[in-house]
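J.: Could you have a look at this structure, given as structure tokens, before my questions?
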Amino acid sequence: MTAEFDDWLAITRMIVRYGRLADQRRSGDMADLFTADGRMLMFRPRADEPAEAPEGRGQLIAAFDALAAFVVTSHVLSPSDVEIEGDSATAHTSCMSHHISEAPEGRIRFTLADRYEDTLVRIEGRWLFRERRKYTDWTESTPLRR
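All the letters of the sequence shown, read from the start, carry residue numbers 158 to 303 under the numbering used here.
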């Protein structure tokens, strides 16, 4: 294996881990994947400015805790396009995320089509997100059949 392949594997595993941690509601562990000053910019459909921009561990955890409002989530990721230059990297990943909530009329599925544009850095041998930009292209809310 080459060093570049090892870096690619470490980065793609971290991206997949982020999705799994989100589905497990492990906000603190999700925040651990960011640098100390890491931030996440979250854009709604057709928006030029982020709706949310948590920065630093405390704000990231608070933002990730919003997933607790759902009964279950499932983040389905595409393969990531990763480019590595020394101790810096960028990654582009598409994601279909399904969020299930309880309502008086039954369960509702809220689906988002997202694109993540990541800036990563290697610190002390470990790849971390410096910035994640999440662009939501569209959403859909539908009742679930039992």
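Cβ coordinates follow ideal geometry from the N, Cα and C atoms, glycine included. Here the structure is a predicted model, which means the values were calculated and not measured.
Quick test of the definition: if touching needs 3 or more C-beta pairs under 8 Å, does the stretch 234-244 touch the stretch 204-222?
T.: no
J.: Label Ala188 either buried or exposed according to how many other C-beta atoms from any shown protein chain fall within 10 Å of its C-beta, with 16 as the threshold for buried.
T.: Reading the sequence shown from its first residue, position 31 is the one you call residue 188. Buried.
J.: Where do the N-terminal and C-terminal ends of the beta strand (DSSP E) with Gly176 fall, by residue?
T.: What you label residue 176 is simply residue 19 of the sequence shown in a count that begins at 1. First-last for Gly176: Ala160 to Asp180, but that is the alpha helix (DSSP H), not the beta strand (DSSP E).
J.: Rounding to the nearest angstrom, what Cα-Cα distance links Ile168 and Ser231 in this structure?
T.: Position 11 of the sequence shown, counting from 1, holds the residue named residue 168. Position 74 of the sequence shown, counting from 1, holds the residue named residue 231. Straight-line Cα distance between these residues: approximately 20 Å.
J.: CA-CA distance, Arg183 and Leu198?
T.: Here residue 183 refers to the residue found at position 26 when the sequence shown is read from its first residue. Here residue 198 refers to the residue found at position 41 when the sequence shown is read from its first residue. Cα-Cα distance, rounded: 19 Å.
J.: Can you round the beta-carbon distance between Phe200 and Tyr292 to whole angstroms, since I take them to be within the 8 Å contact cut?
T.: As a position in the sequence shown, residue 200 is number 43, starting the count at 1. As a position in the sequence shown, residue 292 is number 135, starting the count at 1. Their Cβ separation, rounded to whole angstroms, is 5 Å, which keeps Phe200 and Tyr292 in contact under 8 Å.
J.: Which residues does DSSP pair with Gly195 in a beta bridge?
T.: Translated into the one-based positions of the sequence shown, residue 195 becomes position 38. Beta-bridge partners of Gly195 (DSSP): none assigned.
J.: According to the neighbour-count rule (16 or more other Cβ atoms, all chains shown, within 10 Å of its Cβ), is Phe286 buried or exposed?
T.: One-based indexing of the sequence shown puts residue 286 at position 129. Classification of Phe286: buried, given that the 10 Å Cβ count is 16 or more.
J.: Any chance you could list the alpha helix (DSSP H) runs of at least 4 consecutive residues sitting entirely within the stretch 192-263, in chain order?
T.: 213-221
J.: What residues match up with Asp271 in a beta bridge as DSSP calls it?
T.: Here residue 271 is taken as the residue at index 114 of the sequence shown, counted from 1. When beta bridges are read from the DSSP output, Asp271 appears opposite Cys252 and Thr293.
J.: Starting from the C-beta of Ala226, find all residues in its chain whose C-beta is less than 8 Å away, skip the five residues before and the five after it, and write them out in chain order.
T.: Here the question's residue 226 lines up with position 69 in the sequence shown. So the list reads Ser258, once near-sequence residues are dropped.
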